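Undergrad: If you read the sequences in order, they're chains U and X. The first sequence begins at 1 in the numbering used here and counts up by one. The second sequence begins at 1 in the numbering used here and counts up by one. Where a beta carbon is used, it is the ideal one built from N, C-alpha and C, also for glycine. Quick caveat, the model's predicted, so the values are computed rather than measured. Sharing a structure, written as structure tokens. Questions coming.
Number of protein chains: 2
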Amino acid sequence: MQQRIDAVKAQVATALDGAIAAHPAGELRDAMHYACNGGKRLRAYLVMESARLHGVDESAALPVACAVEALHAYSLVHDDLPAMDDDDLRRGQPTTHIRFNEATAILAGDALQSMAFGLLSDAAIGSPEVRVSLIAAFADAVGARGMVYGQMLDIAAESADVPLTLAEITRLQEGKTGALIEFSAKAGAILARADTAPMADYARNLGLAFQIADDILDVTGDEAETGKRVGKDDAAGKATFVSLLGLDGARAMTRELVAASDAALTRYGDRAGNLRDLARFVIERHA
Amino acid sequence: MQQRIDAVKAQVATALDGAIAAHPAGELRDAMHYACNGGKRLRAYLVMESARLHGVDESAALPVACAVEALHAYSLVHDDLPAMDDDDLRRGQPTTHIRFNEATAILAGDALQSMAFGLLSDAAIGSPEVRVSLIAAFADAVGARGMVYGQMLDIAAESADVPLTLAEITRLQEGKTGALIEFSAKAGAILARADTAPMADYARNLGLAFQIADDILDVTGDEAETGKRVGKDDAAGKATFVSLLGLDGARAMTRELVAASDAALTRYGDRAGNLRDLARFVIERHA
């Protein structure tokens with residue numbers, strides 16, 4: 001699996017660089033490039049594996065993989081802003097507003113969102129029907145029904161008097177990180193005009209497992225390992241899966257979710273080996 | 001013309017409210033709604049008139065008109081942020097980050113951009129081919145080649161040692177306000193799969209005339225009339241069309257541009273009367 005992840009990383013890095021380089025030179029383009037640098041490329045990997053599983057060409061899936069990574073990069077840039085999470089470190093580097101400035105970071109995030117939608121209109125992806133259905137699903141996943149909705153719940157939670165319940169924190173995660181992960185996993189099925197339900201099921205379990213593992217790492221990890229500040233949630237008195245379930249409970253829930261994500265892939269048999277490995281990788285590394 | 005503008009305003013207000021209401025209730029949705037309130041709806045009017053001129057149904061054009069207004073609203077919300085132009089008044093009301101808070105304003109802007117792209121995937125607009133070509137043109141108009149690029153040039157100009165030249169300020173305007181105005185004017189031609197060149201020509205002249213009239217109003221207008229702070233450009237020592245051409249020169253250039261926008265509509269004959277009136281309205285009101 002690691003070899004395949006590395007191959008996808010290299011492919012996406014080259015294609016994303018190319019997409020950004022097609023814009024006029026200057027600070028804005030530099031900031032977009034900076035923001036898209038590095039990262040695990042989990043979402044791109046999900047797109048490429050989902051495409052492979054549904055018999056879709058890599059050339060059709062690659063613009064979609066770039067779109068989800070550009071969108072993810074924009075969301076991190078805006079999330080790190082002083083008015084939001086106020087983070088100065090991301091992927092082991094200064095955040096975009098620290099390296100450039102706040103105005104440039106806001107605009108680079110905005111432009112990355114536009115670029116992501118533009119990438120989904122790429123003719124290489126397939127028929128206009130397929131592209132439009134992808135774009136509609138993407139808009140739902142990232143806007144005020146999906147990712148941005150989850151980010152808003154997260155911001156609201158910080159100023160709330162009462163910590164979130166498990167149901168509330170789950171709803172928050174389903175938006176903030178779950179929606180784009182789900183879109184990424186479904187993308188191959190959308191491209192192949194196949195049933196998206198099994199991949200959605202896989203992704204919902206994976207996304208939640210991933211978030212819980214992240215919360216665990218915020219308690220047990222260090223900055224050299226994670227590339228970002230740790231212990232922030234605890235310091236802010238925010239409810240997390242760890243504060244609600246305890247460390248052992250959170251680990252147990254992660255294992256259950258990974259088993260459920262595994263079960264969702266049954267119909268794909270052995271061909272889904274990489275996606276099963278990915279889910280297991282989440283607990284091995286973090287939990 | 002005024003009657004037709006008022007009709008479009010009402011139509012777009014209802015449709016935009018409906019699109020926003022389809023999202024989960026809460027502060028984010030309230031802020032999106034607040035940000036979309038009011039305004040001249042110039043861009044929506046261009047979309048609807050361009051559609052009428054090309055024999056396109058209102059029902060197909062309306063989601064496009066809503067998309068350009070949602071996008072325009074997002075751009076104003078982000079433009080007004082403290083890290084950008086730091087404005088507290090817009091359309092006679094407190095700006096979104098004043099009325100809500102900065103984080104909510106950033107997220108509402110982000111969500112309005114997603115919503116705009118989602119609206120362009122609406123089946124009412126037409127065939128998937130038409131929708132995808134609209135989306136591709138829209139992404140170009142609003143991203144790091146279009147509007148956001150122009151905003152970045154504007155921000156950069158503020159910290160530059162030397163004021164912008166006329167060529168530079170024109171390039172800035174072509175991005176910051178011109179690109180979305182051009183998209184709006186071309187939309188009807190794209191929907192009808194007709195030649196977009198005449199409408200693009202009309203819009204480039206109109207957009208520039210509109211910006212120069214805005215610069216004139218920043219010098220000659222008052223806040224009650226404009227609904228926003230005036231004299232800011234001058235106070236900031238920013239080059240504007242007025243500072244470069246003088247008040248009389250700026251007025252003369254506006255008249256020339258309006259004549260050129262008129263000439264671009266020749267092939268449409270009398271049916272383009274509303275669009276001609278719109279361009280003349282710009283000088284009558286402002287210059």
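Quick one: measure Cβ to Cβ for residue 282 of chain U and residue 209 of chain U, integer angstroms, because I've assumed they're closer than 8 Å.
TA: About 5 Å; that satisfies the 8 Å criterion.
Undergrad: Which first and last residues belong to the alpha helix (DSSP H) in which residue 75 of chain U is found?
TA: From DSSP, the alpha helix (DSSP H) with residue 75 of chain U extends over 58-79.
Undergrad: Can you confirm whether the segment 40-50 of chain U touches the segment 114-124 of chain U when touching is taken to mean that 3 or more C-beta pairs between the two stretches lie within less than 8 Å?
TA: Contact fails: fewer than three Cβ-Cβ distances are below 8 Å.
Undergrad: Expressed to the nearest angstrom, what Euclidean distance is found between the alpha-carbon atoms of residue 176 of chain X and residue 152 of chain X?
TA: Between residue 176 of chain X and residue 152 of chain X, the C-alpha separation is close to 8 Å.
Undergrad: Among residues of its own chain, excluding the 5 on either side of residue 60 of chain U, which ones have a beta-carbon nearer than 8 Å to its beta-carbon?
TA: Excluding residues within five positions, the ones whose Cβ falls inside 8 Å are 51, 124, 125, 126 and 191.
Undergrad: Return helix, strand or coil for residue 198 of chain X, following the three-state DSSP convention.
TA: Three-state result, residue 198 of chain X: helix.
Undergrad: Report all residues from its chain with a CB closer than 8 Å to the CB of residue 84 of chain U; omit the five preceding and five following residues, and keep chain order.
TA: Excluding residues within five positions, the ones whose Cβ falls inside 8 Å are 78, 151 and 155.
Undergrad: Would residue 145 of chain X pass as an interface residue toward chain U - the criterion being a Cβ-Cβ separation below 8 Å?
TA: Yes, contact with chain U.
Undergrad: Cα separation between residue 109 of chain U and residue 158 of chain X?
TA: Each residue's Cα considered, the two are about 20 Å apart.
Undergrad: Would DSSP call residue 278 of chain U helix, strand or coil?
TA: Residue state, collapsed to three classes: helix.
Undergrad: Note down, in chain order, each residue of its chain lying with its Cβ closer than 8 Å to the Cβ of residue 181 of chain X, except the 5 sequence neighbours on either side.
TA: Hits under 8 Å: 42, 43, 46, 203, 206, 207 and 210.
Undergrad: I need the straight-line Cα distance from residue 89 of chain X to residue 95 of chain X, nearest angstrom please.
TA: C-alpha separation (whole angstroms): 5 Å.
Undergrad: Would you say residue 5 of chain U faces chain X, with C-beta separation under 8 Å as the test?
TA: It does not: the Cβ of residue 5 of chain U has no partner Cβ on chain X nearer than 8 Å.
Undergrad: DSSP state of residue 128 of chain U, grouped into three classes?
TA: If DSSP states are grouped into helix, strand and coil, residue 128 of chain U belongs with the helices.
Undergrad: What are the partner residues of residue 89 of chain X, as DSSP defines its beta bridges?
TA: Beta-bridge pairing links residue 89 of chain X to X:94.
Undergrad: Consider the Cβ of residue 173 of chain U: report whether some Cβ of chain X lies at a distance smaller than 8 Å.
TA: So no, residue 173 of chain U is outside the interface.
Undergrad: Cutting at 6 Å between CB atoms, please list the residues of its own chain near residue 287 of chain X, excluding the five before and the five after it.
TA: Because residue 287 of chain X sits at a pLDDT of 47, beneath the cut-off of 50, its placement in the model cannot be relied upon, and the following sentence gives the value as read from the coordinates. Contacts found: 213, 216, 251 and 254.
Undergrad: May I ask you to report which of helix, strand or coil DSSP gives residue 287 of chain X?
TA: Residue placement at residue 287 of chain X is flagged as unreliable, the pLDDT there being 47, under the threshold of 50; a coordinate-derived value is accordingly withheld.
Undergrad: Applying the criterion that 16 or more other CB atoms from any shown protein chain within 10 Å of the CB defines a buried residue, is residue 279 of chain X buried or exposed?
TA: Burial call: buried.
Undergrad: Along the chain, where does the alpha helix (DSSP H) containing residue 100 of chain X start, and where does it finish?
TA: No alpha helix (DSSP H) contains residue 100 of chain X, which DSSP labels as neither H nor E.
Undergrad: Determine, for residue 128 of chain X, whether the minimum Cβ-Cβ distance to residues of chain U falls below 8 Å.
TA: Residue 128 of chain X counts as touching chain U.
Undergrad: Apart from the five residues just before and just after residue 276 of chain U, which ones in its own chain have a Cβ nearer than 7 Å to its Cβ?
TA: So the list reads 262 and 265, once near-sequence residues are dropped.
Undergrad: Quick one: does residue 34 of chain U have its CB under 8 Å from some CB of chain X?
TA: Cβ-Cβ to chain X under 8 Å: no for residue 34 of chain U.
Undergrad: Run down chain X in chain order and give the residues with a C-beta less than 7 Å from the C-beta of residue 78 of chain U.
TA: Under the 7 Å cutoff, chain X gives 106 and 110.
Undergrad: Have a look at residue 149 of chain X and residue 138 of chain U and give me their C-alpha separation to the nearest angstrom.
TA: Each residue's alpha carbon lies about 24 Å from the other.
Undergrad: Determine whether the Cβ of residue 202 of chain U lies closer than 8 Å to any Cβ atom of chain X.
TA: Chain X contact via Cβ: absent.
Undergrad: Output, in chain order, the set of chain U residues within a Cβ distance shorter than 8 Å of residue 167 of chain X.
TA: Per Cβ cutoff of 8 Å: no residues; residue 167 of chain X is ~15 Å from chain U at best.
Undergrad: Is the Cβ-Cβ distance between residue 28 of chain X and residue 111 of chain X less than 8 Å?
TA: Yes, the pair counts as a contact, with Cβ atoms nearer than the cut-off.
Undergrad: Does the separation of the CB atoms of residue 198 of chain U and residue 129 of chain X fall below 8 Å?
TA: Against a cut-off of 8 Å, the Cβ pair of residue 129 of chain X and residue 198 of chain U comes out as no contact.
Undergrad: Please list, in chain order, the chain X residues whose beta carbon lies closer than 8 Å to that of residue 24 of chain U.
TA: Per Cβ cutoff of 8 Å: 144, 145 and 149.
Undergrad: Along the chain, which unbroken stretches of the alpha helix (DSSP H) at least 4 residues long are found entirely within the segment 144-191 of chain U?
TA: If we require 4 residues or more, the alpha helix (DSSP H) runs fully inside the segment 144-191 of chain U come out as 147-158, 166-173 and 179-191.
Undergrad: Which of the three DSSP states is assigned to residue 239 of chain U in this structure?
TA: If DSSP states are grouped into helix, strand and coil, residue 239 of chain U belongs with coil.
Undergrad: Got a sec, what are the start and stop residues for the alpha helix (DSSP H) residue 268 of chain X sits in?
TA: Unbroken run through residue 268 of chain X: none, as it is neither H nor E.
Undergrad: Do you know offhand how far residue 56 of chain X's Cα is from residue 2 of chain U's?
TA: Spanning the two alpha carbons is a distance of roughly 52 Å.
Undergrad: Residue 102 of chain X versus chain U: which residues are under 9 Å apart at the beta carbon?
TA: The answer, in chain order, is 81, 82, 83 and 84.
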